[in-house]
Structures are given as C-alpha cells and as structure tokens.
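**Q** Going line by line, the protein sequences match chains A and B.
If you're matching positions, the first sequence starts at 982 in the working numbering and goes up one per residue.
If you're matching positions, the second sequence starts at 982 in the working numbering and goes up one per residue.
Each residue gets a CB set at the ideal place from its N, CA and C atoms; glycine is no exception.
Protein chains: 2
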Amino acid sequence: MTHAAATPSARPLSFETLKSAPADGSTRARLGRLMTPHGVIETPVFMPVGTNATVKALDPDDLREVGAQMILSNTYHLYLRPGHKRIARLGGLHRFMAWDGPILTDSGGFQVVSLGDMRSVDDDGVVFRSHLDGTIHRFTPEDAIGVQEALGSDVAVCLDQPVPPHASTRAAVAEATTRTHAWAERCLEAHSRPDQALFGIIQGGLEPDLRAESTRVIAGLPFDGICIGGLAGDETAAQRRAALDVAVRGLIEDPRPRYLMGLGSPADLLNAVDAGIDMFDSVLPARVARNGTLWVPDGRLNMRNSRFLDDPEPVQAGCRCRACRSFSRAYLAHLLRADELLFYRLATCHNLTFLLDFMARIRSAIADGTFPLLNSPAGSAA
Amino acid sequence: MTHAAATPSARPLSFETLKSAPADGSTRARLGRLMTPHGVIETPVFMPVGTNATVKALDPDDLREVGAQMILSNTYHLYLRPGHKRIARLGGLHRFMAWDGPILTDSGGFQVVSLGDMRSVDDDGVVFRSHLDGTIHRFTPEDAIGVQEALGSDVAVCLDQPVPPHASTRAAVAEATTRTHAWAERCLEAHSRPDQALFGIIQGGLEPDLRAESTRVIAGLPFDGICIGGLAGDETAAQRRAALDVAVRGLIEDPRPRYLMGLGSPADLLNAVDAGIDMFDSVLPARVARNGTLWVPDGRLNMRNSRFLDDPEPVQAGCRCRACRSFSRAYLAHLLRADELLFYRLATCHNLTFLLDFMARIRSAIADGTFPLLNSPAGSAA
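#1: Using a cut-off of 8 Å between C-beta atoms, extract the partners of Ala976 (chain A) located in chain B.
#2: Using C-beta distances below 7 Å, list every residue in its chain close to Ala1079 (chain A), excluding the 5 sequence neighbours before and after it, in chain order.
#3: Output the distance between the C-alpha atoms of Leu1282 (chain B) and Ala1193 (chain A), rounded to the nearest integer angstrom.
#4: Determine, using beta carbons only, whether Leu1061 (chain B) comes closer than 7 Å to chain A.
#5: From which residue to which residue does the beta strand (DSSP E) around Trp1276 (chain B) run?
#6: Short check: CB of Leu1053 (chain A) to CB of Val1030 (chain A), under 7 Å?
#7: Quick one: which unbroken beta strand (DSSP E) runs of 3-plus residues sit fully inside the segment 1102 to 1162 of chain B? Chain order, please.
#8: Verify whether the separation of the beta carbon atoms of Leu1132 (chain A) and Ile1068 (chain A) is less than 7 Å.
#9: Could you check whether the Cβ of Lys1037 (chain A) sits closer than 7 Å to any Cβ belonging to chain B?
#10: If the criterion is Cβ atoms closer than 7 Å, does the pair Thr1161 (chain B) and Asp1141 (chain B) meet it?
#11: How long is the line joining the alpha carbons of Ala985 (chain A) and Met1016 (chain A), rounded to whole angstroms?
#12: When burial is assigned at 16 or more other CB atoms within 10 Å of the CB, is Ala1348 (chain A) buried or exposed?
#13: For Phe1324 (chain A), which three-state DSSP category applies?
#14: Less than 7 Å separating the beta-carbons of Leu1336 (chain A) and Pro1278 (chain A)?
#15: Give me the chain B residues within the contact set of Tyr1240 (chain A), using Cβ-Cβ distance strictly less than 7 Å, ordered along the chain.
#16: Between Thr983 (chain B) and chain A, is any beta-carbon pair separated by less than 7 Å?
#17: Excluding sequence positions up to five away, which residues of its chain have a Cβ less than 8 Å from the Cβ of Leu1202 (chain A)?
#18: Could you spell out the range, first to last residue, of the alpha helix (DSSP H) harbouring Asp1042 (chain B)?
#19: Compute the Euclidean distance between the alpha carbons of Ser1263 (chain B) and Gly1245 (chain B), then round it to the nearest angstrom.
#20: Helix, strand or coil, according to DSSP, for Met1051 (chain B) in the structure here?
#21: Got a sec: which bits of the segment 1069 to 1091 of chain A sit with their beta carbon under 9 Å from any beta carbon on chain B, in order along the chain?
#22: In the DSSP assignment, the beta strand (DSSP E) including Phe1261 (chain B) goes from what residue to what residue?
#23: Give the C-beta separation of Ser1195 (chain A) and Gln1184 (chain A) to the nearest angstrom, bearing in mind that I take them to be a contact with Cβ-Cβ under 8 Å.
#24: With a 10 Å radius around its C-beta and 16 neighbouring C-beta atoms as the bar for buried, classify Asn1286 (chain B) as buried or exposed.
#25: Which one or two residues does DSSP pair with Glu1023 (chain A) in a beta bridge?
#26: Less than 8 Å between C-beta atoms, sequence neighbours within five positions excluded: which residues of the same chain meet that for Gly1350 (chain A)?
#27: Using the beta-carbon count (16 or more within 10 Å), is Ala1152 (chain A) buried or exposed?
#28: For Tyr1285 (chain A), which of helix, strand or coil comes out of DSSP?
#29: Can you pull out the residues from the segment 1292 to 1306 of chain A whose beta carbon lies closer than 8 Å to at least one beta carbon of chain B?
#30: Is the CB of Glu1321 (chain A) under 7 Å away from at least one CB in chain B?
#31: Out of A:Phe1339, A:Leu1333, A:Arg1344, A:Ala1256, state which residue places its alpha-carbon closest to the alpha-carbon of Arg1045 (chain A).
#32: Could you check where the beta strand (DSSP E) with Glu997 (chain B) kicks off and where it finishes?
#33: Would you kindly work out how many angstroms separate the C-alpha atoms of Thr1217 (chain A) and Ala1137 (chain A), rounded to a whole number?
#34: Using a Cβ-Cβ distance under 7 Å, would Ala1178 (chain B) count as near chain A?
#35: Looking at Phe1352 (chain A) and Ala1010 (chain A), is the spacing between their C-beta atoms short of 7 Å?
#36: Does the distance from the C-beta atom of Phe1109 (chain B) to that of Met1099 (chain B) stay below 7 Å?
This is how it looks when you write it as structure tokens:
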C-alpha cells in the first residue's frame, strides 16, 4: 500500500498546513485547512455531535449560526435507528438531516465497547445487544465501513477497540491495540467509496511504548487522517498530555490531520491544540447546556440557581448567540424551571457559540503567533 | 359608565371593520383590523398560545416566521411561575419573552375553575391550590386585573366563571353567569392601565335566554372587546353554533371585536368565522403537533405510523414552513421515534403555519366575497 500523501489529488480529502508549529518548540499548535467534498474547514476545529442525525435541539440554520464548520454523527446510533440502508435510500445522511456541510462519522467502536455486559469482542469483531430493543448484532470492521459508506459521510473512521485508559491493565491495552491495528487494515481493504475519506485510529492507552508503536503502525497505513483514540476517558489531564505528546512526536513529519476523539471542555481543547491536535468532537458543551450549565468567560452559570430568576442581564454580555441577543438570565432560568423546550435550544446555542468562538480565537492566536498566551477559559470544569 | 365606542381615540385599542358581513345574510363573516400598542392585526385572527411566556418549542423568530400576528399568554401560569411582579420588574411580558408583537392575556378564570377539587368559587373570587406546589391562593377579579396590568399585555380579560357548557345544569349556568357579570363590573372598576385594553366575557352556557342576557349585560359595559366564553368545551358543533348565533345577534350593531375563547381546529374556526367571530386562540395545533399529528390539506398525518419512515416527501408539498422546506416525512418520523427535541419545534412550526395560512385564506375569501365557499379543511378532526 502507498502512503496517502503520495497521491493527494486522488483523495476525497486534503489537508494543508497554513502555519506550522514554531521551530522554538514553544507549542505544537498549528493552523490548517481541511478540504472535504462538502466544504473547507479551518483547523483547529471543534465538531458538534449529532448523534441521531440531529445536534440535539438545533436545526441546520442554528448550526450555521453558532459557527459549526463540520459535525460528527454516530454510526452506532444511525445503524440501529433509523438504519443506514434507509438513510441511503433517502439520499444519504446530508440530505436526510438537511446539513450540507461536512460530516464525519465515527465507527461505532466507542459506543459498542462502552456497552459493558451487553457486548463481547473477538478478533472478528463485536457482538452487542441493542440499547433500544435488546436485539443482538454482530459488527465487524467491514460492517463499520459498509454502514459509513451507506451514510455517505465526508470522513469515515475505522472500527477500533478503545479501552478505559487509566483503568485498563497493560495486557488489556496491548490486546486491544493489536486488534485495532488488524481491524485498521481490514477497514482500509473494505473501504471503496471514492468521495469519502477514511481515518485510522491510534490506540495504546497510557503506555508510552504501546502508544508510540500504535502511532507508527497507523501512520504507516494510507489513511487520509489520523485519529487519536482511547483518551478523553478516565485519565488525568497530565496523563492525557503525555500520551498525546508520544503520539504527536510520531506524527511530526506526517502531513495528515490529527483528530483527538471525544474531548470537549475549553481548557482541555486549549491544551490539546498546544499538543498539536487539529480536530475535536464532544457532546459535552451541548449536554451540560441541556442540564442547565452555561459557559461564560469567567466561569460557568448553573441556571437552576435561584439568583438568576431576577437577573435581567444576558448570560454573557456581548455574546452573539441567539440566547444572549434577546433574552435575560431570568427568562432562561424560568424556561428551565418550567421544563420548556426553548431552554434546551437556547442553552445549546450558547455553549456551542462559546466553544466555537473560543476555537476561532485559538486560530487567530496561532495565526498571530500569540498562542498559547491566550487566556485560559474558566468555563472548563463542566 | 360610557360606552367604549363613544371615545375610541382615548382607548389603547381600536377596531375597524374593513368589510362588514353581507346584507344578504349568507354569512356573518367580516374582515377587520385591530390596532394595539404593539401593532396592527388583521382579523379574523388566530392567536397561538404561549402558556409559560413561550409558545412551546418556538422562539420569537419562529413565531414571526409561522405568521403569528398576536399571541395569548396565560395569567394563571405566569402568576404562579415566575410571578407577575417578577415579570414587571424585568420590564414586562413583552420584554421578558422578547416578543414585540401584541399579546393578549387571559384572566386565569378558565384554568382556575378547571382545577376541580383543587378550587372553590364564591362571590368574592376563587380559592385554588397551585398545580405546581399545592400552595393555596385567593384570586379575585381585582387580582386578575392587577396581575395582567403587571404583565403589561396589550389586551387584558375579565375574570369569569366558565362552566362545562353541556354538562352543567341551568341553575349552575345561571349562577356562574350572574357572578361573571358582577366580576365584570369589578374588573372594569379595578382596571387602570391606560396602555392596556380590557375585554369583557359573555357566559350563559347553552341556554339561549341566559346567553342573550349575558350578551346584553356585557355589551352594555365599556369594554374594548367582547369575549364569548364557556364554549369550545364539551358541546357539539351545532350547540356551539346556536350559542354563537345568539351572542352575535346581540352584537350585530356593536363596533367592537368578538373573540371566541379556546377554539382551534380548522373546521371549527371556519364555522365560527361564518358566525361572525373575529379572534381565536387555542393550544390545539401545537399540542397535537407535539403528539405527532400534522395537519395537511386532505387530512392529517400521524407521524408515528411506520409508513412514514421511508417517505421522502415533505409533510405537505408546497408548504412554506421550516419543516416542509428542508425535511422529509421520513426524517420527522425518525426524530419523533428518537424523541429528539427538533421534532417538537418542526411539528409545531408546521401546524401553526397550516392554521395561520388557513386564516389568511379565510381573510382573502372574505375580502373577495367568496367566503364561505372556501373548501373546508380535512385537518379538522384533530
């Protein structure tokens, strides 16, 4: 197999580094541009998550308004409901959800192996029990690719076997990592859709040698981009940074985009951008919003706190989002207490706007050469 | 007291009949224009209901997009949560919910007397138990006015005592109607806000003589408009029409707008416009939408029906609403099954657009002299 970078023009996705990390080693942060069949993305980029072919509470106009460049949708959920073949018959995922921007689909690996007692893993693939109706399903690397090709995302991802980074034994990490490598080759072999990119996933847990070896193996395969998996779990920030540094060290000369799966708090993103990561996704900003927690520059607001019931100020002065443009904290606090649907939409718009504007500031700082002097946001501890 | 029509320029609301009912008696439908402090409304008009200072699932931009001219909000609910004094401190209801169009508030009478065992009524007012926290509240006609003045709606409504029209004895109807008349005088006496109109409410159940007498009493008081209450309940369509005909006969020479409270299905609205009604409100279109029932010209679609899961067509071809512009029936059916918040917004947008466009067609037909030849919509039996 040849390296993806050897024939970039033939690939559905290309990545251009607009500004490389500085030679003085002060940061590995870099500025990039990702060209996909559905549009161009400025990196570092955060992708909101649309699990069931909808970013919860938002419509595509809202997504554009908050500044989403690309979204992630979940293969596992769409495979179970409404079914990937149905979505294919209806014209593919973009048309189904009326989002004409880029979409990345995960492989389902994370969801499947998170099912605990409801699944078993062997070298062939995963057998799991649907969380919806208890039906039994076998999911192989080839299935993961077939489902994602049916969905028609811009970027598909290999089936992998993540393990909890901190809680797993070295032996468990080693086995899952080796299996992930074998599955990566099978995914490459199975993948055929010419208008869809394919990313490989590095595993290796928190074991430096296994992480380095996994980086070497995955980077040696002709993927369009490199995911760093098995993090954003139960590890500490320092453990995560150490694992990221190992992986990125192995990718320094690699021209492809680096995607850290599942990370979503502002402070964590800042650190990971500094480590050299280009792409992110997480349900976190939207999930905490629906629970009533709104991110602001100097902390976070729990809208269930009764002090907000009389607060005429917007959630964040000067914020351009739909919630802050028109409504007071008092109104939002009222909507939340009344369990009114509008709360969930406005709160999600705010947190996603906060995070996507934060990513835009990160890109500006990298362009200006002032990164990482950017103030760390206090909205981090969600 | 002098009649409102004698000094129209001093009042916060005025009503102009643009086209009177034809002299041949073929219909009592009429075209009008209502001027309020927050804008001009073309009648006949349907007002979506924003119970908790939000039309469920929609924001003010959505309301404008569906074509809402005026909305109704519920005094009872806002009195209990977040509290009318709080809303007043925050700048009034328009500012609180960021809706700068006209608002009518009901009096709370319907909600309070609907509480069953949780309330008792005497000549002074109503004692009721909050459905939220069980606390005991006394609500008098003066309280109803005070709360609505604090909310700052464009149109306030008198406290009344509606009774189930079909299930009530003549004696119960008579007592409630007499009490409603006494309360109407007290509401007029209590009302002082110069930028807020006040409507009186006719009761009388299905008893023709009581309905006629109530019409005479209420129309004899200097209200800015006349509500017809105690209908849109358990009566048949024929019973309702008979009661409406009695009331409207008593208002034929009256220049003020006529508002039938609580009616919301297309066929019922068509009939009531024919009877001479100018204003309507109901939770029905939004409530059935949230339950998965969407109105279309030739019937209604239950989006839980599995046949929609593969249907690539929009809910209604040619419909201008947010749901029909971008999404298939298949997508909406998927969102509903996944209990995704976006379903409730899109479905509500569709049914309100359907009904408000239907009202616009009614107004055009009246203007053209073709009413009531308009086809009756099959979406009626919600």
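**A** On the basis of the coordinates in this document:
#1: Because residue 976 (chain A) is not part of the residues shown, which for chain A are 982 to 1363, the question remains open.
#2: Pro1041
#3: 57 Å
#4: no
#5: 1274 to 1277
#6: yes
#7: 1107 to 1110, 1117 to 1120, 1136 to 1138
#8: yes
#9: yes
#10: yes
#11: Low per-residue confidence applies at Ala985 (chain A): pLDDT is 44, beneath 50, and the placement is therefore not dependable, though the value from the model is reported in the following sentence. Taking the straight line from one Cα to the other gives about 15 Å.
#12: exposed
#13: helix
#14: no
#15: Ordered by position in chain B, no residue passes the 7 Å Cβ test against Tyr1240 (chain A), which lies about 26 Å from the chain.
#16: Caution is warranted here: a pLDDT of 40 is assigned to Thr983 (chain B), below 50, making its placement in the model unreliable, and the coordinate value is therefore given only provisionally. No, Thr983 (chain B) lies away from the interface with chain A (no Cβ there is under 7 Å from its Cβ).
#17: Met982, Ala1165, Glu1166, Leu1169, Gly1181
#18: 1041 to 1047
#19: 5 Å
#20: coil
#21: Arg1070, Leu1071, Gly1072, Arg1076, Phe1077, Met1078, Ala1079
#22: 1260 to 1263
#23: 5 Å
#24: exposed
#25: A:Arg1014
#26: Pro1003
#27: exposed
#28: Reading the sequence as shown, one finds Arg at residue 1285 (chain A) and not Tyr. Three-state DSSP puts Arg1285 (chain A) in coil, outside helix and strand.
#29: Pro1293, Arg1303
#30: yes
#31: A:Leu1333
#32: 995 to 1000
#33: 29 Å
#34: no
#35: yes
#36: yes
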